[in-house]
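Novice:
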Amino acid sequence: MTLIIHGSPLSPFTRKVTLSALEKNIEFQSRDLNPYTETERLAGLNPLKQIPIIQHNEFTLADSSAICGYFDAAYPKMQRLLPDDAKAKGAALWIEEYADTKLFKVISEGVFRPIFINQFLGKAPDLVIVDDAVRNRLPEPLSYLEAQLNVGKWFAGDQLSIADIAVYSQMVNLDHAQHLPSQENYPEIIGHYHRMQDRPVVAGLFKSEQAFLSEAIRQLSQKKPERQVLEE
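Going by the numbering used here, the first residue of the sequence shown is number 1, and it counts up by one from there.
And the structure:
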């Protein structure tokens, strides 16, 4: 059975789905899909016009949370993304939602877009917005997540879950933007980030993203780019 993940390499939601598939050892193919320049193709896959989307033979599914839930149901014998314990499962789903909404909004609007998306649109990075986000907006979600990790290595239960993948997937864009907080200020959340990067599939995907970003920036420096947006 062929599984295809449609998305953009630097989208945290594409990253979440890709890492979930890798952690479960699911075979898949990746297809780049730019939500700004391939609007007709995107609308044909998802009426909300958002990435990522998967196609699994004749089955098409959108939304990263729905997709990751599907992975657990479709591949039950592989590593579970959701714990069996009811409280741990509830906690995992809540942290996933918090990362997908609150953490995403601050990092995307306040850091990633003002730096990278501006550049890909031919504009200068807006460092005023970035500085405000890092100083005034980011501490709230990071402090909340820091408190959720003070009793263990993982966010929900005693092993990796979708909560860990979801939080990490957002934090990576801070790293790409060179605004990852110090471990001195956030020992738990940054310790968690490094534990995630110690996992082979996580490290491999991060390396490929760095190469993608470096090449995109190199091309930008050589010529004025077409309208290219890398994040949902």
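We put the beta carbon where it would ideally sit given N, CA and C, even for glycine.
Anyone know if the C-beta pair for S208 and R15 falls short of 7 Å?
Specialist: no
Novice: Whole angstroms are fine: how far does the CA of H56 sit from the CA of Y70?
Specialist: 11 Å
Novice: Let me check understanding here. Comparing Cα to Cα, which of D164, L213 and A211 lies closest to H192?
Specialist: Ranking the options by Cα distance to H192, first place goes to D164.
Novice: Kindly indicate the opening and closing residues of the alpha helix (DSSP H) around H194.
Specialist: P187 to Q197
Novice: Within 10 angstroms of the Cβ of Q178, are there 16 or more other Cβ atoms? Answer buried if so, exposed if not.
Specialist: exposed
Novice: Between the C-alpha atoms of A62 and S8, what's the straight-line distance to the nearest angstrom?
Specialist: 14 Å
Novice: With 16 other CB atoms within 10 Å as the buried threshold, where does E23 fall?
Specialist: buried
Novice: Are the Cβ atoms of E140 and Y186 separated by less than 7 Å?
Specialist: no
Novice: Is the segment 201-218 in contact with the segment 122-137, if contact means three or more CB pairs nearer than 8 Å?
Specialist: no
Novice: Identify whether F59 lies in helix, strand or coil by the three-state DSSP scheme.
Specialist: DSSP places F59 in the strand class (E or B) of the three-state scheme.
Novice: Determine which residues share a DSSP beta bridge with M29 and list them.
Specialist: Here residue 29 is Gln; the residue named in the question, Met, does not match the sequence. Bridge partners of Q29: I4.
Novice: Rounded to the nearest angstrom, what separates H176 and Q210 at their Cα positions?
Specialist: 7 Å
Novice: Which of the three DSSP states, helix, strand or coil, is assigned to I51?
Specialist: coil
Novice: I need the straight-line Cα distance from T39 to K49, nearest angstrom please.
Specialist: 7 Å
Novice: Are three or more beta carbon pairs between the segment 81-93 and the segment 103-114 nearer than 8 Å?
Specialist: Cβ pair count under 8 Å is below three, so no.
Novice: Can you find the residues in the same chain that come closer than 7 Å, C-beta to C-beta, to N25, ignoring five residues on each side of it along the sequence?
Specialist: Counting only Cβ-Cβ distances below 7 Å, and skipping sequence neighbours, we find M78.
Novice: Are the CB atoms of L3 and F28 nearer to each other than 7 Å?
Specialist: yes
Novice: Distance check for A216 and P12, CA to CA, integer angstroms please.
Specialist: 17 Å
Novice: Which first and last residues belong to the alpha helix (DSSP H) in which M234 is found?
Specialist: Past the edges of the chain, shown from 1 to 232, lies residue 234, and the structure says nothing about it.
Novice: Measure the alpha-carbon distance for I107 versus N173 and round it to whole angstroms.
Specialist: Between the alpha carbons of I107 and N173 lies a distance of about 7 Å.
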